[in-house]
Amino acid sequence: MPAMLLAQEKILGTEAQREAGKKIYDQKCAQCHGEQGDANSVATPFFRPQPRNFTSGIFKFRTTASGELPTHEDLKRSIKNGMPYTGMPPWPEFSDRQLSDLAFYIKSFYPDFGEYGDVQPLALPKPPAYSDASAERGRAIYEENKCLDCHGNLGRGDGKSAPTLKDQWNQPIRAADLSKRWTFRGGPTRADIFRTFTTGLDGSPMPSYNIQPPEDQWALVDYVYSLGQSDQPNYATMAAAKGISEPIDLSRGKALFDNAEAALFPLAGQVIEPGREFYPGVNAIEARAVYNADEIAIMLTWHTMTADTLGHNSPLLPAPPFDPQAPLAQGGEEFSDAVAVLLPSKTPEGVEKPYFMFGDSKNAMDIWFADLAKDSAEFFIGRGSKSIEPAGNGGLSLVSHYEEGEWSVIFKRSRVREGGLSFEEGAFVPVAFTIWDGFNRERGNKRGLTSWYYLYLEPMHKESPLAPMTKSGLLTLVVLLGIVAFARIKYSGKA
Amino acid sequence: MNYLVLTPIVVVMIALRFTRLNILGWLAVWWIATYLAISYGINPPLPSSIVGMFMGIVTLALLAYLTVRTDDMNFVKRAAIRFLTDKKYTLPLAVTVIALPLLAAFNVYLSAAKAPQPPAAGRTIHPPPPTEITFKGKKIDLVNGVNPYRELQARDPEAFRAHLANGRKVYFQNCAFCHGDNMEGKGIFAHAFDPIPANFQDPTTIAMLQETYLFWRIARGAPGLPEESTPWASAMPAWENFLSEEEIWDVILFMYEYTGHKPREKEEVH
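Just so you know, the sequences run in chain order D and Y. The numbers in the working numbering rise by one with no breaks, and the one at position 336 of the first sequence is 336. The numbers in the working numbering rise by one with no breaks, and the one at position 182 of the second sequence is 677.
Structure representation (structure tokens):
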């Protein structure tokens, strides 16, 4: 075989390899990426970011320079690892050979693969050790390169250009929230971060950066890395409310919760009932709580790129209609940000709860609601999405504050409510949350929601375990001595 | 199964077979071996409460085994009495009498130091279905009923493929968000729900169920679950509100096609 054809085969695979790749592709990939690789599929309208169109020859995750095609290994890695928090899952079950066959088949959708010889990966050095000094130095590089224009001052994805970002296909796209490494599409490690800004994410507004000298590259990596706490979200299953003795003064704001532990809960789109939200604007909410003898306060915080305080919002309003064929509508001055704490209307006995959506006819749900265009809370009783009744303000006080890409909203109420839900010390109270992202035009049942979690009121005074410990130890001792005495009296000298 | 743990356990036990271990030694070996096998030999690991329950049963079984032969019983009884009365065991006996109460107290400390756990709800995963349901005014027999499009597979493959294609569309526009692209229950929103979305690739889910059972679960969803299955917690929608009967049967065809599982045949009553 001529040398040129051999070289081609190394890049494009053999007919048999592509055929094997097609078999897997047709079964596992075509529903999103389209039979022809053009992302024209039944699933495409329901995912943001949209499935990759392989006929465009534009690939986000590469080890090659910006504008170049990815290497064979790049394609395999993207399939194997997937992209977290997108519709593209990891495919750990594929063998190396299957990944390779798939990559060969995917290349066949774009004619330039193999046309100009093989692509050369950039030299991506091994990461040096992380250091705080380097991270500190990285801040200046973050500013110099205008990273904060999109990613925001504290990296929460709230830069001033963030709301205007569009991808190559004119679809809205969001700047990564750098404080949540687990959502990084290209991976959370320092090597991944280095690769991302060195190669850029083609097709997205994220350009490639040639930062010199090389120490500055790692300083930027370390700074970005320092913005997040962990590679994993460590989602909680309950929020513990701290007992305090002083009055709960809402004017203290966030400082009230300094000693309360934060609990992070994942949000999913409401894709169950009409008004479905396939790409919620917010993916997690953090809760903290404190209580004293009379009152309880819950603070909710989340990151969002803009504070939408124009327009209005309510669980009673109809959700804007969803048209899968229409371009994604965003922004505007009609929809405000909003948040709700959902609780059972009565202190539950046993494990039964209201249906997590908005309650049900048997078990009603209390909805503590804050339209962030207003400065007071509203209160609703839910018996299902279609039977939500306004019920005054439910004795709720509210303060809300937006700063550096983060909303913090505090609800306060008296702990006891006659004939309704009371918060008792040491008790677990079911709790769920909902966020409406105004920029995403969420309203009514178009929302991001959590399932049920628990709010636990940590007892103010923890009982010392010394008394039960002594009791159990002494009891065991008495039993043992009894056995020894019995055996000695009965069998001494006989065995 | 974790064979890296199970294999050495079996090897050690076979090796011990060639030694002159007395009955007490054997009981100890069996107890430790079962404990290690149950705790570390199974993937995913069992909850500690289940391990505790199993070990209780194993202890009772070993005691029952001990009582089968009078010789063994007497041997153990004599050994125990010697330990309690013989002067040469005074030191180990004293250590035991002091150590056990301390262990008991420590155990109480550990349980007090543990963070409080939210109330747990036992949950029946595959509750028994009703014998029939009414779907938009039409009765669907869940015991003797069949997927009306299943027979096309043999009779009219082209029509069958059309139903499969429709099922695929229904799946990827409605189910994939939770049950995942690969039907493993790992969709984009799956991590936000507890109970987690069902994994259809797992041989203990749809492979064990009749197609009519799936029809019931899809049509009625979480709100249609009986009490023992905690209907308030599951996020499974009642699809009768959003899908037609044909769409539900089609997506069922597609789920079996994609996973390669065969639906369970209806039970023959003799």
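Ideal Cβ positions, reconstructed from N, Cα and C, are used throughout, including at glycine.
- Unbroken alpha helix (DSSP H) stretches of 4 residues or longer found wholly inside the stretch 562 to 614 of chain Y: 565 to 580, 585 to 608, given in chain order.
- If you draw a straight line from the Cα of valine 546 of chain Y to the Cα of tyrosine 530 of chain Y, it is about 8 angstroms long.
- Against chain D, the CB of asparagine 677 of chain Y has a partner CB under 8 angstroms away; the residue lies at that interface.
- Per DSSP, reduced to three states, the secondary structure at tryptophan 744 of chain Y is helical.
- One thing to note: alanine 287 of chain D has its Cβ within 8 angstroms of the Cβ of alanine 239 of chain D.
- Membership of isoleucine 635 of chain Y in the beta strand (DSSP E) is indicated by the continuous run 633 to 636.
- Around the beta carbon of glutamine 612 of chain Y, a 10 Å sphere encloses fewer than 16 other beta carbons of the protein chains shown; the residue is thus reported as exposed.
- Distance from aspartate 101 of chain D to methionine 305 of chain D at the Cβ level is roughly 40 angstroms; contact not present, criterion being Cβ atoms closer than 8 angstroms.
- Between the stretch 119 to 133 of chain D and the stretch 274 to 292 of chain D there are fewer than three inter-stretch CB-CB distances shorter than 8 angstroms, so the stretches are not counted as touching.
- Nearest Cα to asparagine 283 of chain D within the set D:Ala65, D:Leu12, D:Thr86: D:Thr86.
- Per DSSP, glycine 426 of chain D lies in no beta strand (DSSP E) segment and is marked neither H nor E.
- Between alanine 714 of chain Y and tryptophan 302 of chain D, the alpha-carbon positions lie close to 35 angstroms from each other.
- Relative to leucine 75 of chain D, the option among D:Cys32, D:Pro121, D:Thr44 whose CA is nearest is D:Pro121.
- Look at the beta carbons and you see the stretch 551 to 568 of chain Y not touching the stretch 443 to 450 of chain D: under three pairs across the two are nearer than 8 angstroms.
- In terms of beta-carbon proximity, proline 718 of chain Y lines the interface with chain D, with at least one pair separated by less than 8 angstroms.
- Going by beta carbons, proline 624 of chain Y and tryptophan 711 of chain Y fall inside the 8 angstroms limit.
- By the 16-neighbour rule on beta-carbons within 10 angstroms, serine 400 of chain D is buried.
- Counting other Cβ atoms within 10 Å of its Cβ, lysine 60 of chain D reaches 16 or more and is therefore classed as buried.
- A contact between stretches requires three or more CB pairs, one per stretch, nearer than 8 angstroms, and the stretch 48 to 68 of chain D fails this requirement with the stretch 692 to 701 of chain Y.
- With contacts defined as CB atoms closer than 8 angstroms, glycine 114 of chain D and glutamine 36 of chain D fail to qualify as a contacting pair.
- Going by C-alpha positions, alanine 510 of chain Y is about 44 angstroms away from alanine 616 of chain Y.
- Among the CB atoms of chain D, one or more fall inside 8 angstroms of the CB of alanine 599 of chain Y.
- Residue-level contact check: valine 500 of chain Y does not touch chain D, since none of the beta carbons of chain D fall below 8 angstroms from its beta carbon.
- Taking 7 angstroms as the Cβ-Cβ cut-off, the stretch 654 to 671 of chain Y approaches chain D at Arg663, Lys664, Phe667, Gln668, Ala671, given in chain order.
- Under a criterion of Cβ atoms nearer than 7 angstroms, the residues of chain Y adjacent to threonine 237 of chain D are, in order, Pro613.
- Leaving aside the five residues that flank phenylalanine 322 of chain D on each side, the residues in its chain whose CB is nearer than 7 angstroms to its CB run, in chain order, Arg276.
- Here serine 472 of chain D carries a helix assignment [DSSP, helix/strand/coil].
- Here DSSP, grouped into helix, strand and coil, assigns tryptophan 727 of chain Y to coil.
- Membership of leucine 522 of chain Y in the alpha helix (DSSP H) is indicated by the continuous run 518 to 535.
- The shortest CA-to-CA distance from arginine 663 of chain Y to any of Y:Met508, Y:Gly536, Y:Gly520, Y:Tyr751 is the one to Y:Tyr751.
- Pairwise C-beta distances place the stretch 308 to 323 of chain D in contact with the stretch 368 to 388 of chain D, as three or more of them are shorter than 8 angstroms.
- When Cβ pairs closer than 8 angstroms are counted between the two stretches, the stretch 581 to 592 of chain Y is seen not to touch the stretch 450 to 461 of chain D, the count staying below three.
- In the DSSP assignment, alanine 338 of chain D forms a beta bridge with D:Asp371, D:Trp436.
- If the five residues before and after arginine 195 of chain D are omitted, its C-beta is found closer than 7 angstroms to the C-beta atoms of Thr63, Leu124, Gly186, all from its own chain and listed in chain order.
- Tryptophan 727 of chain Y belongs to the set of residues whose beta carbon lies under 8 angstroms from a beta carbon in chain D.
- In terms of Cβ geometry, methionine 469 of chain D and alanine 608 of chain Y do not form a close pair [threshold 8 angstroms].
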